[in-house]
């Protein structure tokens with residue numbers, strides 16, 4: 019059976035991914051401290067996954083999880099708040115960058131070769147640079163600790179692939195929406211703005 023690890027798997031995006039992987043027959047392990055996500059997002063697959071309510075910054079714990087040698091690792095864990103990163107830059111840095119680098123380094127040192135390590139970044143890396151449309155090769159201008167950490171983690175992810183042969187990819191999300199999204203979140207984008215205007 020294909021084994022997948024999803025960090026941040028109880029969040030809006032993570033829970034949709036977890037459910038999709040379970041439907042494909044994957045054996046899924048989720049690590050989420052529930053600071054941003056909710057366990058109810060995984061209610062439909064709760065008896066089909068291994069769930070750990072834990073902080074990805076606990077390196078010893080994460081190493082013990084990584085020792086299960088997963089086929090796929092989806093790194094969605096983050097403090098996904100620009101405002102939080104401005105108020106608590108060091109704490110958010112620990113989650114949004116340090117934990118990512120620690121995971122990549124542990125995979126390298128142990129010689130683990132997942133089929134894919136996927137890191138999820140953010141359109142925040144573009145800052146306020148006016149060029150449109152945004153493309154992967156567009157200029158980046160990270161203006162907040164959140165954006166800096168996301169961009170640095172992208173680079174670490176890609177560089178660990180280039181330098182050490184890990185199969186890695188970094189993706190940037192733009193205005194995502196869908197089931198289990200919190201409509202009251204300031205990060206729910208244009209959908210919640212339009213919905214509120216219609217009510």
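Residue numbers (the numbering used here): 19 to 217. The C-beta atom is built at its ideal place from N, Cα and C for all residues, glycine as well.
query, result
"Element boundaries [beta strand (DSSP E), containing residue 113]", "That residue, residue 113, is in no beta strand (DSSP E); it is neither H nor E in DSSP."
"Stretch pair the region 92-112 + the region 59-66: three plus CB contacts closer than 8 Å", "no"
"Residues of its chain near residue 96, where Cβ-Cβ distance is below 7 Å and the 5 sequence neighbours each way are ignored", "26, 113 and 114"
"Ordered list of beta strand (DSSP E) runs contained in the region 98-157, each at least 3 residues", "134-140"
"Beta-carbon spacing of residue 49, residue 83 below 8 Å", "yes"
"The region 176-191 / the region 126-135 touching (three or more Cβ pairs under 8 Å)", "yes"
"Among 40, 94, 75 and 74, nearest to residue 29 - alpha-carbon criterion", "94"
"Terminal residues of the alpha helix (DSSP H) in which residue 182 lies", "163-182"
"Distance CB(residue 32)-CB(residue 24) smaller than 8 Å", "yes"
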